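Data block below; observations after.
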């Protein structure tokens, strides 16, 4: 309690209750001087003795602590200027709560162990710096703001709101108090940037100012004038000055990180910042990935030793692989080559480590190694919300759902206005069948970004599984179409919902061309042919259905042969085989998808392949096997509920089966099923 009263922080912290308990048993708290300047040495000794892990070295009675505190209060201690404050306020207060301190430490913390999310930090937001240069240089000012934010987020004693949330206040008319309240921050850093491209040296002038939100007081301001190739040094200087102004002592590793000297060609850095505008791992559905790739390729062509450019390219190629645009081993090898080059050039840059973690996560699906790398990112940059979110997303796949939810909430604390984080938290809650909480987060995501069509799609699916009312889901898709226009993902859901409703002609009309309907990747246009076939099958026009199903088969067999490690291709092909009446091939292929990506290895995507097997069994007449798998899927986190099972056209053959009716009774009693 005394430690927290002086520093405003808890001495022991962890990600979970177990982590905090482990910290209590094994960690040594940071010295008081880490967070408060001019702390009397005698007070530090008292606190250290109170927190001593060995009972023999701790105070043996409250009287011992009382005696030392009395001596501190009466003894003149340097520095004189501040000891009066310590004596006047801290020491008397400490005497009052002394007995409580002793009892808590002596007998242990039994009722509540604070989590990391409850600990306090000075919170800062870096608002978009105003561009005083040419209008076409707006991206440069935004990029520099992001890089300054990145440097500040490396400081463990400071909480920094991530770029995405802060950028939403670009050109805002809101006053700083209003912004501070919305972001829940104590201080705001703002300023201006001018890039003077007319000068031979490509000079950059930055004028940052630090403002306390509570009273609008300017605590620090400075003018910087530097050549562009020394821009990293300039960004580090700003981070140091802000830390000094906020009385934050830098750890040695933080000091070392800010002392790293990088020179960069101005033109290469320009391309790098332009590329960053087109690609974001956190906001992938908005990516213009080809433009981003070309920009970063130009950056490393001009500056062959530019680690950040290589890291970005590694992340870009990993994302192309992951999203199914090109899930080939050649694409993954290309990603690894760029990341290896970045690691060779600058292994301790957080951006480089983040790209490496993404490669393990989205490339190799080596989840344990991915978590290790993301934790390393957090050592380099404690306020990196993407690293925290990445660990959460990996934990979902490891089946650590509750841990994932807590970490996602931590990421949202650092980036409260990022729509994507709210959307992903909604997805995690949907898998857990916490539909009301999921819908709340989808709505928040949509409020933050009305163009986030994936949030609408996910909301529509959660509603379907919560209520079984397809009309509500269709209305959500209609709103998304108004906001974002026609998207293949929205068409996918709209077609499927119309099939459920029996609007087969409408489903055929919406499904207009290959490439205009898919969930994740295009899969060669196979979804177009599969859904055409499904509509004709439900219309009992089997001749047309078989023509379309066979076209889907040709595409998917080619994809499976080219990418034999892609479980989604096998699941898609299995459904097509079942629709063509190829029972043995369908079951074998569905099981192959599960072998590649079982739930035990990937608790998120693995459930998709179980659902595909259920559909296959239902279509080929293996009803008992289908119901057994459906029962299993309803017992674990997944994207389906019993209400979906009641209306899904794929499961129509099961509806009158006695075991299916028993399943309805079993799960309809449960609120979220």
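Numbering (the working numbering), first residue to last: 41 to 713.
Glycine included, every Cβ here is placed at the ideal spot set by N, Cα and C.
Predicted, not measured: the structure shown is a model, and the values here were computed from it.
> Cα-Cα, which of 564, 271 and 178 is closest to residue 600?
Replying inline: Out of 564, 271 and 178, 564 has the C-alpha closest to the C-alpha of residue 600.
> Does the pairing of the region 408–417 with the region 440–450 give three or more beta-carbon distances under 8 Å?
Replying inline: With a cut-off of 8 Å, the region 440–450 and the region 408–417 do not count as touching, because too few Cβ pairs lie within range.
> Are there three or more Cβ pairs, one per stretch, closer than 8 Å when the region 674–681 is compared with the region 641–653?
Replying inline: Touching, yes.
> What is the residue span of the alpha helix (DSSP H) that residue 258 lies within?
Replying inline: No alpha helix (DSSP H) contains residue 258, which is instead part of the beta strand (DSSP E) from 257–261.
> Run through DSSP, which three-state label would residue 124 get?
Replying inline: Residue placement at residue 124 cannot be trusted, given a pLDDT of 46 that sits under 50; the coordinates are not used to answer.
> Of all the beta strand (DSSP E) runs that stay within the bounds of the region 161–202, which reach a length of 3 or more residues?
Replying inline: For the region 161–202, whole beta strand (DSSP E) runs of length 3 or above, ordered along the chain, are 162–166 and 198–200.
>> Tell me which residues share the same chain as residue 197 and place their Cβ nearer than 6 Å to its Cβ, disregarding the 5 neighbours each side in the sequence.
In response: The residues 288, in chain order, have a CB closer than 6 Å to that of residue 197 in the same chain once the five nearest residues on each side in sequence are set aside.
> Are there 16 or more other CB atoms within 10 angstroms of the CB of residue 328, so buried, or fewer, so exposed?
Replying inline: Classification for residue 328: exposed.
> Are the region 240–251 and the region 495–509 touching, with three or more C-beta to C-beta distances below 8 Å?
Replying inline: The region 240–251 is not in contact with the region 495–509.
>> For residue 517 and residue 530, which I take to be in contact (beta-carbon distance under 8 Å), what is that distance rounded to the nearest angstrom?
In response: Confirmed, about 6 Å.
>> What would DSSP say about residue 384, mapped onto helix, strand or coil?
In response: Residue 384 falls in the helix class under three-state DSSP.
> Can you tell which of 684, 606 and 398 has its C-alpha closest to the C-alpha of residue 428?
Replying inline: In this structure, 398 is the residue among 684, 606 and 398 with its C-alpha nearest to the C-alpha of residue 428.
> Taking all protein chains shown into account, do 16 or more other C-beta atoms lie within 10 angstroms of the C-beta of residue 296, making it buried, or fewer, making it exposed?
Replying inline: Label assigned to residue 296: exposed.
> Do we get a CB-CB distance below 8 Å when we pair residue 170 with the residues of chain D?
Replying inline: Structure shown: chain D not included; a single protein chain is present.
>> What does the alpha-carbon distance come out to for the pair residue 180 and residue 263?
In response: In this structure, the CA atom of residue 180 is about 18 Å from the CA atom of residue 263.
> Using CA coordinates, which residue listed in 570, 50, 176 and 671 is at the minimum distance from residue 706?
Replying inline: Closest option to residue 706, Cα to Cα, is 671.
> What residue does the alpha helix (DSSP H) around residue 248 start on, and which one ends it?
Replying inline: For residue 248, there is no enclosing alpha helix (DSSP H); the residue is part of the beta strand (DSSP E) that begins and ends at 243–252.
> Nearest to residue 200 by alpha carbon, out of 183, 220, 692 and 212?
Replying inline: Ranked by Cα distance from residue 200, the first of 183, 220, 692 and 212 is 220.
> Helix, strand or coil: which one does DSSP assign to residue 266?
Replying inline: It is a strand residue.
> Run through DSSP, which three-state label would residue 232 get?
Replying inline: Here residue 232 sits in strand by DSSP.
>> If you reduce the DSSP assignment to three classes, tell me which class residue 342 lands in.
In response: Here residue 342 carries a helix assignment [DSSP, helix/strand/coil].
> Which of the three DSSP states, helix, strand or coil, is assigned to residue 227?
Replying inline: If DSSP states are grouped into helix, strand and coil, residue 227 belongs with the strands.
> For the candidate residues 458, 409 and 436, whose alpha-carbon lies nearest to that of residue 425?
Replying inline: Selected option, being the one with the closest Cα: 458.
> What number of angstroms, rounded off, separates the C-alpha of residue 520 from the C-alpha of residue 167?
Replying inline: Cα to Cα, the separation comes out at about 30 Å.
>> Measuring straight from C-alpha to C-alpha, what distance separates residue 511 and residue 342?
In response: Each residue's Cα considered, the two are about 55 Å apart.
>> Just to confirm my understanding: we take residue 591, look at its own chain, exclude 5 residues before and 5 after, and list those with CB closer than 7 Å. What are they?
In response: Excluding sequence positions up to five before and after residue 591, its CB lies within less than 7 Å of the CB of 569, all in the same chain and listed in chain order.
>> Three or more C-beta pairs under 8 Å: does that hold for the region 213–233 against the region 173–193?
In response: In short, these stretches touch, since the Cβ pair count reaches three.
>> Using 8 Å for Cβ pairs, my map puts residue 351 next to residue 395. What's the rounded Cβ distance?
In response: Going by Cβ atoms, the distance from residue 351 to residue 395 rounds to 4 Å, so yes, they are a contact pair.
> Is it the case that the Cβ atoms of residue 479 and residue 462 are separated by a distance below 8 Å?
Replying inline: Result no, Cβ atoms of residue 479 and residue 462 do not sit closer than 8 Å.
>> DSSP three-state label for residue 701, please.
In response: Residue state, collapsed to three classes: helix.
> Taking residue 375 as the reference, which of 360, 364 and 284 has the closest Cα?
Replying inline: Comparing Cα positions, the closest option is 360.
> So, are the CB atoms of residue 347 and residue 386 less than 8 Å apart?
Replying inline: In contact: residue 347 and residue 386 (Cβ atoms closer than 8 Å).
> Where in the region 440–513 do unbroken runs of the alpha helix (DSSP H), each at least 4 residues long, occur, reported from the N-terminal end onward?
Replying inline: The region 440–513 contains these whole alpha helix (DSSP H) runs: 441–454, 459–471, 475–488 and 493–507.
> Near residue 353, which residues of its chain fall below 6 Å by C-beta distance, leaving aside the five closest residues on each side in sequence?
Replying inline: Sequence-distant Cβ neighbours of residue 353 in its own chain, meaning closer than 6 Å and more than five residues away, are 336 and 378.
> Cα separation between residue 684 and residue 279?
Replying inline: Their Cα atoms are separated by approximately 52 Å.
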